[in-house]
Every structure is written in C-alpha cells, then in structure tokens.
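In my numbering, the protein residues as written are 3 to 434.
For each residue, glycine too, the CB sits at the ideal point set by N, CA and C.
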Ligand code: URA
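Below, the structure is given as structure tokens:
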C-alpha cells in the first residue's frame, strides 16, 4: 500500500477502506508516513468529507492506537459528558457533582485549555493541592467509592489523535466534521464510559459558528457513539457570549461552587440541569428528563451535590476549605473596571475574544508549554440584553499587571452596546 494512492483516492472523493485507514493510522504512529503526506490527506478529508463508515473506521483505528480503560469493575451505568469547548464553560465541575449525587458513577477524563477556550484540569488546579493525575487503579477506586473523579488522561489515550491534532492545528484543518468527530470519539470510547452526553457549542466562541454546522457535528458524534454501542446524545448549546459571568481559572471554580450552593448564574444552572437530566436518564436513575431534573434540583437544595464536589476535592488531595473560602485560591493583585462608553443595551459580547483577553492576561495558553496564572480573568457585570448607562462598569478585569490598556481595547472592540438586543436561546436542539 502507498500513502500517495490513499491521498489520491480521497482527493477524488472515493471511500477509504478500513485497511487503508489502518495503514494511515499505523504510519502516523510509527513515523513511517511523513507529516507532509499526513497533512495532504487531512486536507483532502477536509474538502471531500468522509462517509459514515469511514468516520467510524477512522475513530476505531485511532482509539485502538493507544490504551483504553476498563471500568467494568465499577457498579452501575457510567455516564460522562463532553463539551466541544467554550469560554467560561465550567459546566463539567458542578455537573459531575450533581449527577454523582443521584448515584450515577461519573468518570471524567478532561483536558487542558488552549487558545481562547479554558480547560477543566486547569480550573481544578487553581484549588491548592488538587491532583489531576491519578493512576488508572486509583481513578477506578475513587469513582467506585465517591461516584466521581475528574482527571487528566491516564496512560496513552489515542496517540494517533495527538499527532494528527497537532498537524491539523498548523494546516488549518481543525474545523472539519469528520476530523473533529473522530478525534473526540476516539478518546471518549477509549475512556471506557457506558453513556455519553455531548455538549456541542454553537456560535462565535465555538468551533462551529452556525447552527447547521453544529447539528451536522452533533449527528456525526452521536452516529459514531451509537455505532459502537455507546448510549449517547448531543445537546446543542449557545456559545455566542461567555457562559456565566466569570472567565478565568480561580474565578470559574468560585462560580461552579456558587452553582452547587444554588446561587449560580441562571445560564450555567440551566445548562447544567439540561445536560444533567439527560445523563440521569441515560444512567437509568429516572424514567424521563422531568423526573431527572427534579432529582438534580433536590441534590442541589439538600447540599448532596456540594458534598460530592467536596469529596472529590478531598480524594484528589485538594484543600476543601475552598468550598467556604475562595481566597485560598490565587488572587489577582489588581481589579480594574471597564466603564461603558454609551447608554443602551448590551447587544453582543463575543465569546472567543473575551477568551482571548483572559488568555492574554495569563489565564490561558498561547502555546502548550505556557505557564498559567490561575488568579487572572474577567468578571462580567452585564450580559446580552442588559441595559447599561455610560460610566457603569461592564466588567472587572482581574490582573497581575497594572497597565491593561491592550486588554481594555480588545474588550471594547468586542462588546457592542446598541439600542436593542436579540437574546439567543441557551439550548437550541437535542440530537439523538
Ligand atoms: N476536541 C478534540 O478533542 N478534537 C477536536 O478535533 C476538536 C475538539
């Protein structure tokens, strides 16, 4: 078999066989296919797409390129959630705890942030002592005992995806539905969960900017999952403006704990309850979403969800005083307000650029090896649809540098105040 023939076939929009995809994935992993040929195939896939069969085959070959977890020793239906990524998206943190409080085991393997999106592991590391690296055995034991754990990948999960993703990043082939779907699902299938709810973001801060593209991605993800016997569905949710009010690592832990105390922002709470209801139904703890939602609301009001979050922090070496004292996390030296320059209604807060602002303050990474400053970020005071007066603060910038004029300029450019605003829904569609 020759890689050049595989590229040629895809360039002419023909279906690749499982053997050809195996040859490709093997060659990527063992280095026998040079990056320029891999990149050429990725570009051909970008333009010519893949059939459902090719998507499923590529996913399984990438999944089989590395380790996979066996969670069968944990009783019950294990349910996980994956998000395609957004700004201010701290949902995994309260969601894992509230679902675990209903008795469902939630084994979450999360990632780090890159570019304008944050990463769950980075947020958790803002809690002093929290360990994101557990052995497979400790992970399994913790999920069995406490019903939840949030960790980084154990072993070498889908190494083919790591190499392919790095090349996609520099060849402008990231936003391809077959490539995103196979990348995400190869890792999720390797993580050994029984059921999966996928939060597919749509809008300015998402990979998929339009609803049509987001629905197509959701369908691709669900088809791959169901094809391998995973119980799964996707929720399409808004990522035009940031989720919640707080963006940044320590700040997002604060907001997550607020949600678990029943005093979180309405949008974060709503998304958590929606995703959670589907997780509880897939986990067979409720016959329908309505009953599931009641279970989750009770878990919040009784304090059981907060208790699960505390148990997870303790089990993973974190300082549980954080539940009542947010100041034990790194705190920024300066808090700088951004006053509105005109009267009106907030019409747009571009999620991706707010994420960039937080990254430039030090809260995110421009390169994988960048060190994070957990204390910095942005706290919005206004969301889309809110009225604002000239001089009133739109947001607070948490910074460790005094001069944030560059950040202020970026923020002003990406927040629109107008005479009126069209509010977007939080949840657009369910794909199952
Ligand atoms: N997340 C992934 O893991 N892979 C992609 O391709 C995009 C988002």
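In three-state DSSP terms, what is residue 119? If you number the chain shown from 1, residue 119 lands on position 117. In the structure shown, residue 119 sits in a strand (DSSP, three-state: E or B).
Would DSSP call residue 312 helix, strand or coil? Here residue 312 refers to the residue found at position 310 of the chain shown. Three-state DSSP puts residue 312 in a helix.
What does DSSP give as the partner residues of residue 341 in its beta bridges? Locating residue 341 in the chain shown gives position 339, where the first residue counts as 1. Its beta-bridge partners are 395.
Would you call the CB atoms of residue 223 and residue 191 closer than 7 Å? Here residue 223 is taken as the residue at index 221 of the chain shown, counted from 1. Here residue 191 is taken as the residue at index 189 of the chain shown, counted from 1. Taking 7 Å as the Cβ cut-off, residue 223 and residue 191 do not qualify as a contacting pair.
Three-state secondary structure (DSSP) at residue 379? Counting from one through the chain shown, the residue named residue 379 turns up at place 377. Here residue 379 sits in strand by DSSP.
Please check the pair residue 166 and residue 44, which I expect to be a contact at CB under 8 Å, by giving their CB distance rounded to whole angstroms. Stepping through the chain shown from its first residue, residue 166 is reached at position 164. Stepping through the chain shown from its first residue, residue 44 is reached at position 42. About 7 Å; that satisfies the 8 Å criterion.
Nearest by alpha-carbon distance to residue 155: which of 56, 140 and 202 is it? Locating residue 155 in the chain shown gives position 153, counting from the first residue. Of the candidates 56, 140 and 202, the one whose C-alpha sits nearest the C-alpha of residue 155 is 140.
Burial state of residue 442, where buried means 16 or more other Cβ atoms lie within 10 Å: In the structure displayed, the chain extends from 3 to 434; residue 442 sits before or after that span and is not available.
Do residue 179 and the ligand URA come close, with the Cβ less than 6 Å from some heavy atom? The sequence position of residue 179 within the chain shown is 177, counting from 1. False, no ligand heavy atom lies under 6 Å from that Cβ.
Beta-carbon proximity list for residue 129, same chain, < 7 Å, skipping 5 on both sides: For the purposes of this step, residue 129 is taken as the residue at position 127 of the chain shown. Excluding positions up to five away in sequence, the list reads 255, 315, 320, 321, 324 and 331.
Quick one: complete alpha helix (DSSP H) runs, 4+ long, within the segment 160 to 205? 161 to 173 and 179 to 192
Does residue 32 pass the burial test, meaning 16 or more other C-beta atoms within 10 Å, or should it be called exposed? Here residue 32 is taken as the residue at index 30 of the chain shown, counted from 1. Classification for residue 32: exposed.
Could you have a look at residue 155 and say whether DSSP puts it in helix, strand or coil? Taking the chain shown and counting its residues from 1, the one referred to as residue 155 is at position 153. Correct three-state label for residue 155: coil.
Can at least three beta-carbon pairs, one atom from the segment 348 to 366 and one from the segment 220 to 235, be found at a separation below 8 Å? no
Segments assigned beta strand (DSSP E), at least 3 residues, entirely inside the segment 228 to 262: 233 to 240
Where does residue 171 land, buried or exposed, given buried means 16+ other C-beta within 10 angstroms? For the purposes of this step, residue 171 is taken as residue 169 along the chain shown, with counting starting at 1. When all chains shown are included, residue 171 counts as exposed.
Using only alpha-carbon positions, find the residue among 10, 277, 62 and 419 that is nearest to residue 93. As a working note, residue 93 is residue 91 in the chain shown. Of 10, 277, 62 and 419, the residue nearest in Cα terms is 277.
Quick one: is the Cβ of residue 401 within less than 6 Å of any heavy atom of the ligand URA? The residue given as residue 401 occupies position 399 in the chain shown. No, the Cβ of residue 401 stays beyond 6 Å of every heavy atom of the ligand URA.
Beta bridge counterpart(s) of residue 109 as assigned by DSSP: On the chain shown, residue 109 is found 107 positions in, with the first residue counted as 1. According to DSSP, residue 109 bridges with 151.
Starting from residue 346, trace the alpha helix (DSSP H) both ways and give me its first and last residue. By 1-based counting over the chain shown, the position of residue 346 is 344. Not the alpha helix (DSSP H): residue 346 falls in the beta strand (DSSP E), residues 346 to 351.
Neighbour-count burial assignment, residue 49, 16 or more Cβ in a 10 Å radius: One-based indexing of the chain shown puts residue 49 at position 47. Counting Cβ neighbours within 10 Å, residue 49 comes out exposed, since fewer than 16 surround it.
Counting by C-beta, which residues lie closer than 5 Å to a heavy atom of the ligand URA, in chain order? 182, 185 and 186
Cβ neighbours of residue 509 in the same chain (closer than 6 Å, five flanking residues each side left out): In the structure displayed, the chain extends from 3 to 434; residue 509 sits before or after that span and is not available.
Please state the DSSP three-state secondary structure of residue 102. Residue mapping note: residue 102 aligns to position 100 of the chain shown, counting from 1. Of the three classes helix, strand and coil, the one that applies to residue 102 here is helix, per DSSP.
Out of 215, 183, 349 and 236, point me to the one whose CA is closest to residue 425's CA. Here the question's residue 425 lines up with position 423 in the chain shown. Selected option, being the one with the closest Cα: 349.
Would the beta-carbon of residue 303 fall within 7 Å of that of residue 333? Residue mapping note: residue 303 aligns to position 301 of the chain shown, counting from 1. Residue mapping note: residue 333 aligns to position 331 of the chain shown, counting from 1. Cβ distance not < 7 Å, so residue 303 and residue 333 don't count as in contact.
Tell me, to the nearest whole angstrom, how far the beta carbon of residue 161 is from that of residue 57; I am working on the premise that it is less than 8 Å. What you label residue 161 is simply residue 159 of the chain shown in a count that begins at 1. What you label residue 57 is simply residue 55 of the chain shown in a count that begins at 1. The pair is not a contact, with the Cβ atoms about 19 Å apart (cut-off 8 Å).
Test item: CB-CB of residue 338 and residue 406 under 7 Å: By one-based count along the chain shown, residue 338 stands at place 336. By one-based count along the chain shown, residue 406 stands at place 404. In contact: residue 338 and residue 406 (Cβ atoms closer than 7 Å).
If we count the other Cβ atoms within 10 Å of its Cβ and call it buried at 16 or more, is residue 242 buried or exposed? On the chain shown, residue 242 is found 240 positions in, with the first residue counted as 1. So residue 242 counts as buried.
Quick one: what's residue 336 bridged to in DSSP? Along the chain shown, one-based indexing puts residue 336 at 334. Its beta-bridge partners are 401.
Less than 8 Å between the CB atoms is what I'm expecting for residue 258 and residue 95, so what's the real figure, rounded? As a first step, residue 258 must be located in the chain shown, where it is residue number 256. As a first step, residue 95 must be located in the chain shown, where it is residue number 93. With a Cβ gap of about 4 Å, residue 258 and residue 95 count as contacting.
Cβ contact (3+ pairs, closer than 8 Å) linking the segment 291 to 310 and the segment 377 to 395: no
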